[in-house]
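Engineer: Can you read through this structure? Questions will come right after.
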Amino acid sequence: MYTLALLNGGVGTRVAAGQPKQLIRVNHIPAMIYPLIAVDDIPEIDQIILNFPAGWEDTMRKLVADYAIKTPITYVEGGDTRHASVRSMLEHCDNEHVILHETARPLVTKAEFEALIAADKDNVSFMLEIPFTVAPVDPDTQQVTGSLERARLRNVQLPQKFRKTTLEAGHAYAQKEDVVFTEDATLCAVAGADVYYIPGNDRNFKVTTKTDVRLAGYLLAGDDDDA
Amino acid sequence: MRKTILISGASKGIGLATAERFFREDNDVTDYVLLARKSDDFAEAEKELLADNPFGKKVFCYEIDLNDRDAIGQLMPKIIEKHGNIEFLVNNAGYTAPDPIHEIDFGDFERTIGVNLYAPFLIVQHLLHLGNTFEYIVNVASTAGITGRSGWLTYSSSKAALIAMSQVLKEELAIYGTRVITISPGRCATALRRKLAPDEDPTTIMQPEDVADAIRMLTSPVGRYVDSENLVVRL
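In structure tokens:
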């Protein structure tokens, strides 16, 4: 069985000043509700760990009650960093397998979670091909320092799944080496685990800016179906 | 698989005709939860349904005044407890007391909004809060909600609001895969129509069974291609 750890803890102001980022609403529905509904009927996921920014637990609990999410939810306060948040969520994880997702990706579908669970490896991330060219640079001198082969690079998405012990080992490694990663697939790979990817969908993008929110709302409303 | 339909205003008219239409058909809708005010019609409706029950279906009648918000709040958990998930909901109950603005009794206006708008809202909201997942919701609106006529202020206003509410629900409940279907019958031979047009010969206009057939079509697979609109049916 799987635990969904839903990252929801960091306070960001990029979309709406004064509100934590995870209370972004897409079509007026809180973004965090979309993934909760997407997984609620998946029998393999029998625990959800939802983290919340300090002071927001009551709001989260009320929303979960209002939207009648049936899967049992463990509420964990978010840490100062993503590493800290994931580590504190892992302590509450009752299953051998963990799925990581973030509320800032509300367009994720039930089918994507099911495909991730069905993938035959233990540690798997959705990833996307990169449709543009990226260059390695030295930001201090603004010098281009070489080239990167696009075919061997991927845009890392969520959700991802890991064996719990793999994720724990990855975070122990980061602590020991005092290194910071912005996501967990590359962290676990660098820490020595076998991590794989399956192709994602560009609809499942991260909602970061006001424009992203409008675009997500447009896609969710399905208003693009006229001839 | 047993599936349950909840129909409000099921003692007569379009509500009863819709219940009969589904009840006498070989389909997976096996349990009929019928809501109406206490009346001889309601008792008779239950008997009539059960008297001709070719597929061994079940009927459960609940007497309720849908203008009573507390009563709705108390009944919905009982219904979920007894029947489990309600897959199909037909918000059909309607009330009208037609009067021109100079003569409208505010209590009648409140009752009209209470039965025609707040009741469908409360039924849906209570059931959602109880974790119910609908396959579809049918809201029976009216052409009166599209075009106002002298004397219909309260009724037209309530149905216009119901049409708007349905559009919103359609978008908000899409994440659950719930279809929200709005049908607006024109003049139809019901007791309510008799209040709106007392001098009309009811045999010359659309019958409740015709509207029930249209609802059946909208809820069928082909209905998916039609249900994006508030479907007007009229003779």
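Just so you know, the sequences run in chain order V and X. In this text, residue positions in the first sequence follow our numbering: the first is 1, and each later residue adds one. In this text, residue positions in the second sequence follow our numbering: the first is 1001, and each later residue adds one. For every residue, glycine included, the Cβ atom is placed at its ideal position computed from N, Cα and C.
(1) Considering only their Cβ atoms, is the gap separating residue 1155 of chain X from residue 1122 of chain X smaller than 9 Å?
(2) Leaving out five residues on either side along the sequence, give the residues of the same chain with a beta carbon under 6 Å from the beta carbon of residue 1065 of chain X.
(3) Give the residues of chain V in contact with residue 1175 of chain X, contact being defined as C-beta atoms less than 7 Å apart.
(4) Between residue 1181 of chain X and residue 188 of chain V, what straight-line distance do the alpha-carbon atoms span, to the nearest angstrom?
(5) In or out: residue 1150 of chain X buried (at least 16 other Cβ within 10 Å) or exposed?
(6) Just the Cα atoms here: how many angstroms apart are residue 1077 of chain X and residue 1085 of chain X?
(7) How about residue 1129 of chain X: is its C-beta nearer than 9 Å to some C-beta of chain V?
(8) How is residue 22 of chain V classed by DSSP in three states: helix, strand or coil?
(9) Could you tell me which residues DSSP puts in a beta bridge with residue 127 of chain V?
(10) Taking residue 68 of chain V as the query, report the chain X residues whose CB atoms sit under 7 Å from its CB, ordered along the chain.
(11) I'd like the span of the alpha helix (DSSP H) that includes residue 1124 of chain X, first residue to last.
(12) Name, in chain order, the residues that DSSP records as bridge partners for residue 1063 of chain X.
(13) Is the shortest distance between the beta-carbon of residue 1247 of chain X and the beta-carbons of chain V less than 9 Å?
(14) Count the other CB atoms within 10 Å of the CB of residue 1102 of chain X; is the residue buried (16 or more) or exposed (fewer)?
(15) Starting from residue 101 of chain V and walking both ways along the beta strand (DSSP E), at which residues does that stretch end?
(16) Here's the rule I'm using: 16 or more other beta-carbon atoms within 10 Å means buried, otherwise exposed. How should residue 1178 of chain X be labelled?
(17) What is the DSSP secondary structure of residue 1166 of chain X, counted as helix, strand or coil?
(18) Work out the CA separation of residue 1135 of chain X and residue 1087 of chain X for me, nearest whole Å.
(19) Beta carbon of residue 1130 of chain X, beta carbon of residue 1080 of chain X: below 9 Å?
(20) Using only the alpha-carbon positions, how far apart do residue 162 of chain V and residue 122 of chain V sit?
(21) With DSSP run on the structure shown, which of helix, strand or coil describes residue 45 of chain V?
(22) Pick helix, strand or coil for residue 1031 of chain X, following the three-state DSSP scheme.
(23) Would you call the CB atoms of residue 160 of chain V and residue 184 of chain V closer than 9 Å?
(24) Sorted by chain position, which residues of the same chain lie with C-beta nearer than 7 Å to residue 1069 of chain X's C-beta, five sequence neighbours on each side aside?
(25) Determine, using beta carbons only, whether residue 50 of chain V and residue 6 of chain V come nearer to each other than 9 Å.
(26) Would residue 8 of chain V pass as an interface residue toward chain B - the criterion being a Cβ-Cβ separation below 9 Å?
(27) Determine the closest residue to residue 66 of chain V out of X:1140, X:1146, X:1175 and X:1125, with distance taken between C-alpha atoms.
(28) CA-CA distance, residue 1235 of chain X and residue 1210 of chain X?
(29) For residue 1088 of chain X, which beta-bridge partners are listed by DSSP?
(30) For the alpha helix (DSSP H) holding residue 90 of chain V, just list the boundary residues, first then last.
(31) Please classify residue 32 of chain V as buried or exposed, where buried requires at least 16 neighbouring CB atoms within 10 angstroms.
(32) Check whether the Cβ atoms of residue 1218 of chain X and residue 1115 of chain X sit closer than 9 Å, and answer yes or no.
(33) One question on the structure: do residue 1185 of chain X and residue 1147 of chain X come within less than 9 Å of each other, judged by their Cβ atoms?
(34) State yes or no: is the beta carbon of residue 27 of chain V nearer than 9 Å to at least one beta carbon in chain X?
(35) Quick check on this structure: which residue in X:1120, X:1008, X:1216 and X:1171 has the alpha carbon closest to the alpha carbon of residue 1035 of chain X?
(36) Which whole-angstrom value describes the C-beta separation of residue 1120 of chain X and residue 1173 of chain X, a residue pair presumed to lie in contact below a C-beta threshold of 8 Å?
Structural biologist: With the structure as the only source:
(1) Taking the C-beta atoms as reference points, residue 1155 of chain X is found no nearer than 9 Å to residue 1122 of chain X.
(2) 1037
(3) 34 and 37
(4) 48 Å
(5) exposed
(6) 11 Å
(7) Residue-level contact by beta carbon holds for residue 1129 of chain X and chain V, with a gap shorter than 9 Å.
(8) Model confidence at residue 22 of chain V stands at a pLDDT of 48, short of 50, so the residue's coordinates are unreliable; what they give is reported in the following sentence. Helix at residue 22 of chain V.
(9) V:156 and V:199
(10) 1128, 1129, 1130 and 1131
(11) 1119-1129
(12) DSSP output for residue 1063 of chain X lists X:1036 as bridge partner(s).
(13) Not covered by the structure: residue 1247 of chain X. The range shown for chain X is 1001 to 1235.
(14) exposed
(15) 97-102
(16) buried
(17) helix
(18) 5 Å
(19) At the C-beta level, residue 1130 of chain X and residue 1080 of chain X come within 9 Å of one another.
(20) If you take the alpha carbons of residue 162 of chain V and residue 122 of chain V, they lie about 6 Å apart.
(21) strand
(22) strand
(23) yes
(24) Contacts found: 1118 and 1122.
(25) yes
(26) You won't find chain B in this structure, because its protein chains are V and X.
(27) X:1125
(28) 10 Å
(29) X:1005 and X:1136
(30) 82-90
(31) In this structure residue 32 of chain V is buried. Its beta-carbon is surrounded by 16 or more other beta-carbon atoms within 10 angstroms.
(32) no
(33) No. Outside cutoff.
(34) yes
(35) X:1008
(36) The Cβ separation is near 13 Å, so there is no contact.
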